[in-house]
Amino acid sequence: MTEPAQSQADIAAAAQARRPLFFQRRFLPMWTALSLGAFTDNMLKQALSVALIYALITAPLISNDDALPVVGALFPIAMLIFSSIAGQLADKYETAMMFRRTKFIELLLMIVAAVGFATGNALILILALFLMGAQSAFFSPVRTGAMPKYFAPDELVRANALCSGGLFVSVMLGIVAGGFLIIAPNGPLIVSGLLVTAALGGWLAIRAAPPAAANAPDLAISWNGLAQTPILIGYAFHARGVWRPLLGVAWYWSVGALVTVAVPFFVRDTLGGDGSVVAVMMGLFAIGAALGATAASLLAKGRSGLGFATVGALAAGCMILVVYFLSNGFAPPADGSFLNAGAFFSTTQAYILAGAFVLASISTSVFVVPMQAAVQRRAPADKRARILAANNMLNAGGAIIGSLLVLLVPRTSLEAIDLFLAIGFAQVALALYMVRRRQSVKDGLYDEMLHGA
2 MTEPAQSQAD IAAAAQARRP LFFQRRFLPM WTALSLGAFT DNMLKQALSV
52 ALIYALITAP LISNDDALPV VGALFPIAML IFSSIAGQLA DKYETAMMFR
102 RTKFIELLLM IVAAVGFATG NALILILALF LMGAQSAFFS PVRTGAMPKY
152 FAPDELVRAN ALCSGGLFVS VMLGIVAGGF LIIAPNGPLI VSGLLVTAAL
202 GGWLAIRAAP PAAANAPDLA ISWNGLAQTP ILIGYAFHAR GVWRPLLGVA
252 WYWSVGALVT VAVPFFVRDT LGGDGSVVAV MMGLFAIGAA LGATAASLLA
302 KGRSGLGFAT VGALAAGCMI LVVYFLSNGF APPADGSFLN AGAFFSTTQA
352 YILAGAFVLA SISTSVFVVP MQAAVQRRAP ADKRARILAA NNMLNAGGAI
402 IGSLLVLLVP RTSLEAIDLF LAIGFAQVAL ALYMVRRRQS VKDGLYDEML
452 HGA
C-alpha cells in the first residue's frame with residue numbers, strides 16, 4: 002500500500018518546524034508586532050518626557066516637573082483600569098483575531114499622537130499616551146496568553162527571552178530616537194512620521210500570526226472592570242506556585258517605572274546633562290535589559306532559571322548602590338548650562354557610572370525573565386489569560402507607585418539619586434528573602450525541570 006500524499010499544509014508545517022524558532026510563523030509575526038509596539042510606546046513617552054523636563058512644551062494645569070511623574074503614571078493607570086476586561090476578552094476570543102484588532106487600534110492612536118507632536122499640543126499627547134496604555138492592556142494578555150499555545154513548556158523560557166530581548170532593544174531604540182529627535186530641527190514632525198510608520202508595520206506583521214483557539218469561548222464577559230479586579234487577582238493568588246513570581250514581576254515593573262521617570266531628573270539635577278544624556282542613559286538601561294534577558298535564556302538550559310533570579314536580584318541591588326556612590330563625584334555646570342552626550346562622556350568617571358547602570362539593568366532582567374515564564378507555565382489553562390491580566394494589574398499598580406514616588410523630587414528636598422539609594426537597599430533585602438525562600442523549598446516548584454513537562 003502506498004502512503005497518502007502529504008498535503009500542501011503538512012509540507013508547509015514541516016518546513017516551518019525545521020526553521021529556527023525565531024523565524025517560525027508562530028513566533029516572528031508576534032515578535033515583530035511586540036517590538037514595534039514597544040518602539041512606538043517608548044518613543045512617544047521619551048519624546049514627551051524630554052519635551053516636558055526641558056520645557057519644549059508646556060503642560061496644562063500643573064508645572065512641567067510635577068507633570069513628568071504624572072505622565073509616567075498615566076500608562077500604567079490605563080492598564081490597571083482596563084486589564085480585567087482585557088483578560089476576559091483574551092480568554093473568550095480567538096488569539097489571531099485579537100492580535101489584529103489591538104494592533105489596528107494602536108495604528109489609530111499613533112496617528113492621534115502624530116497630530117499632537119505636529120501641533121505642539123501637550124494635552125493631545127497626554128491623552129494619546131493614556132490611550133496607548135489602554136491599548137497595551139488589551140494586547141498584553143493576548144500576547145502572553147498566546148505563548149503557551151504556540152510553544153512547548155521547554156520552549157517558553159527561550160521564547161520569553163527572545164521576546165524580552167526584542168522588547169528591550171525596541172525600548173532602547175524608542176527611547177534614544179525620542180530623546181534625540183525631539184530636540185532636533187523639525188524633530189516633532191520626524192517623531193510623528195516614525196510613530197505612524199512603526200505602528201503600521203506592527204499591524205501588517207501581526208496579520209501573519211497563526212490562529213490559536215480561545216481558552217474559554219463560552220465565558221460571559223463582565224464589563225464592570227472594578228468588580229472583576231479582585232476576582233482575577235484571586236485566581237492568581239489561588240493558583241499553585243503563581244503568586245510569588247507574580248509579585249516578583251510586579252516589583253520589577255515598580256523599579257523600572259521609578260528609574261524611567263527618575264532618570265531625567267537624575268541627569269539634569271545630579272549629572273548636569275541635557276536631553277541627549279537622558280536618551281543615552283535610558284538607552285543603556287534598555288541595552289542592559291536585553292542582555293540580561295539573553296543571559297537568562299542561556300543560563301536556564303531546560304530549567305526554570307528561578308535560582309538565577311536570586312543572583313539577579315542581589316546583583317541589581319549592589320549595582321544600583323554603586324551608581325548612587327559614583328554619582329557623588331558629579332556636579333552640574335556652575336553657569337546653569339547642560340552638558341550634551343559628547344561632553345558628558347568625555348571622562349572615565351562617566352563611563353564607569355554608565356557601566357554600573359548597564360550591569361544593574363542586566364541583573365534586573367536575569368531576575369524577571371524566569372519569574373514571568375513561571376507565571377505563564379504554572380497558570381491553569383482555562384484561566385491563564387485572566388491570571389495574566391491580573392499580572393498586568395499588579396504590574397500597573399507597581400508602576401504607578403514607582404512613577405508617583407518620583408513626585409517626592411520636585412515636592413521635597415530629596416533628589417532622584419536618593420530614590421536610587423532606597424531601591425538598592427530594597428533589592429538587597431528582596432534577594433535575602435529569596436535565598437531564605439529557596440532554602441525552605443527543597444526541589445519541586447522552585448527550580449523545576451522543564452524537558453518533557
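Residue 370 in this note's numbering sits at position 369 of the sequence shown, and the numbers go up by one each step. Glycine included, C-beta positions come from ideal geometry on N, C-alpha and C. From a predicted model like this one, the values you see are computed outputs, not experimental measurements.
Between the alpha carbons of G274 and V436 lies a gap of roughly 39 Å. For G274, the secondary structure class from DSSP, reduced to helix, strand or coil, is strand.
For L22, DSSP records no beta bridge to any residue. The Cβ-Cβ distance between D219 and E416 does not fall below 8 Å.
The Cβ neighbour count for S171, taken over all protein chains shown within 10 Å, is at least 16; the residue is labelled buried.
Annotation for R412: the continuous alpha helix (DSSP H) segment containing it runs L409 to R412. With a threshold of 16 other beta carbon atoms within 10 Å, P212 falls short and is exposed. Burial is judged here by how many other beta carbons sit within 10 angstroms of a residue's own beta carbon; E95 has fewer than 16 and is exposed. Look at L340 here: in three-state DSSP terms it is strand. Note that the C-beta distance between P371 and F309 is below 8 Å. Contact annotation: the region 115–132 does not touch the region 259–266, with fewer than three C-beta pairs closer than 8 Å. DSSP places G399 in the helix class (H, G or I) of the three-state scheme.
DSSP places I176 in the helix class (H, G or I) of the three-state scheme.
When C-beta atoms of the region 36–47 are compared with those of the region 152–171, three or more pairs fall below 8 Å, so the two segments count as touching.
In the three-state DSSP reduction, F152 falls in the coil class, being neither helix nor strand.
The shortest C-alpha to C-alpha distance from F181 to any of A374, A48, P61 and F345 is the one to A48. Per the Cβ contact rule, the region 341–353 is not in contact with the region 283–292 (fewer than 3 Cβ pairs under 8 Å).
Taking 8 Å as the cut-off, the Cβ atoms of I58 and G121 count as close. Between the C-alpha atoms of I232 and A87 there is a straight-line separation of about 14 Å. At a Cβ-Cβ threshold of 8 Å, L389 and P142 count as neighbours.
When secondary structure is reduced to three states using DSSP, E95 falls in the coil class, being assigned neither helix nor strand. If the five residues before and after G330 are omitted, its C-beta is found closer than 7 Å to the C-beta atoms of Q350, all from its own chain and listed in chain order. DSSP places P231 within a helical segment (H, G or I) once states are collapsed to three. With 16 or more neighbouring CB atoms inside 10 Å of its own CB, S362 falls in the buried class. Comparing alpha-carbon positions, the option among I222, H239, F118 and L157 lying closest to I184 turns out to be F118. The C-alpha of W32 is placed about 12 Å away from the C-alpha of W204.
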